[in-house]
Amino acid sequence: MSFKLFIAGDSTAALKGAAEKPMTGWGEYLQDYFGSAVEIDNRAVNGRSTKSFLAEGRLAHIEKDLQAGDYLFIQFGHNDGKREDPARYADHDTEYKDNLRRFVDAARRAGAAPVLLTSVSRRRFLADGTLDPDAVGPYPAALRQVAADTGTPLLDIFAASQQLFRALGAPGSRHLVMHLPAGAHPNYPEGVQDDTHFSDVGARQVARLVAQAIRQSDALAELRACLKGTAAESLFSGKAVECP
C-alpha cells in the first residue's frame, strides 16, 4: 500500500524553478526522508496565503486528488500577515483561523489526515543579537490554537527553526537563507539579502526539521513508521506497524 503526502503552503515550501535557484523550498527535500511507499505531492505556491490559495481554487484541486489514507500538510502565515495586500491578508484571529479550518475539514472529508505546520521563522535578529520571537507575528500562535481546537496534529516548525537559527547565531545562520553578493549567481546579478527564503542548504535543514518533528509526534505514528529507518506503534491497533 502507498499513499500521498500533499503540501499546501507558500514559497518557503514551494518547488523553485531554474530562474529562482539557488533559492529552494523545504518541500523539495521531504521525499528524501521517505521510501517509495510515500509520494510527496508538493502543491505549495510562491506568494500565497490561506486566503489567496483558497480563492484561486488550489485547495479544490487538491481535494480532487486526495484519497483516504493520504496526508495534507498545511503551512501558511508569511503572506497572511501582509495588510497592504487585500487579496492575501487574513486577520490572524478570524479569517486565518477560519481558512485553516477549511483545509482541515477538506482533508477529513476525503478520509485523509490533516497536519498543521507553523510557519518557518524568518531569520530576523534584533539589535541586541537575539532572534526576534515575533518573526512571523501572531500567526504561529493562531495556528497552534486551531490545531488544539480541531484536534489536528501539529508540527511546530516555527519553534524548531527558531531554535536552529538561535543555535547558529546571526553570522552562522546566514548561509541557510538567500544572502548572495553581487555577481555570485547569474539569477541575482545585483546580489540579494533575503532572510525569508532558503538556500539549498537551508531547505535541506528545514526538511530535516520537518522529518524530526514527524518522528517526535505521537499523533503521527502511522506516518512516522514510514520515515526511513523508523519503527512505530500504530495508534489504532496498538501493534507495531511497518511502512511498505
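Just so we're aligned, residue 3 is where the sequence shown starts under the numbering used here, counting upward by one. Even for Gly, the Cβ is constructed at its ideal location relative to N, Cα and C.
Excluding its 5 nearest sequence neighbours in each direction, V179 has C-beta neighbours in its own chain below 8 Å: R125, D196, D197, T198, H199, F200, S201, G204, listed in chain order. For P116, the pairing in a beta bridge is given by DSSP as L74. Counting the other Cβ atoms within 10 Å of the Cβ of K99 gives 16 or more, which makes it buried.
For T52, the enclosing alpha helix (DSSP H) stretches over residues 52–57. A Cβ-Cβ separation of about 5 Å places T120 in contact with I159 under the 8 Å criterion. Residue environment for T14: buried (at least 16 other C-beta atoms within 10 angstroms of its C-beta). In this structure the region 23–35 does not lie against the region 50–68, because fewer than three pairs of beta carbons, one per stretch, are closer than 8 Å. Assignment of beta-bridge partners to I42 by DSSP yields L7.
The beta-carbon separation of L211 and V194, rounded to 23 Å, does not stay under the 8 Å limit for a contact. Cβ neighbours of C245 within its own chain (closer than 6 Å, five residues either side excluded): A39, A227, C228.
When secondary structure is reduced to three states using DSSP, D202 falls in the helix class.
Per DSSP, the beta-bridge partners of H181 are Q195. Burial state of G83 is buried, judged by a 10 Å Cβ sphere holding 16 or more other Cβ atoms. Beta-carbon to beta-carbon, L56 and N101 are separated by about 6 Å, close enough to satisfy the 8 Å threshold.
With distances taken between CA atoms, A221 lies nearest to A115 out of K18, A115, A20, D134.
Between A21 and R206, the alpha-carbon positions lie close to 19 Å from each other.
Contact annotation: F5 and Y91 have beta-carbon atoms that are not nearer than 9 Å. With a contact defined as Cβ atoms closer than 8 Å, Q164 and S219 miss out at about 18 Å. Put simply, of G171, E224, H80 the residue whose alpha carbon is nearest the alpha carbon of P140 is H80.
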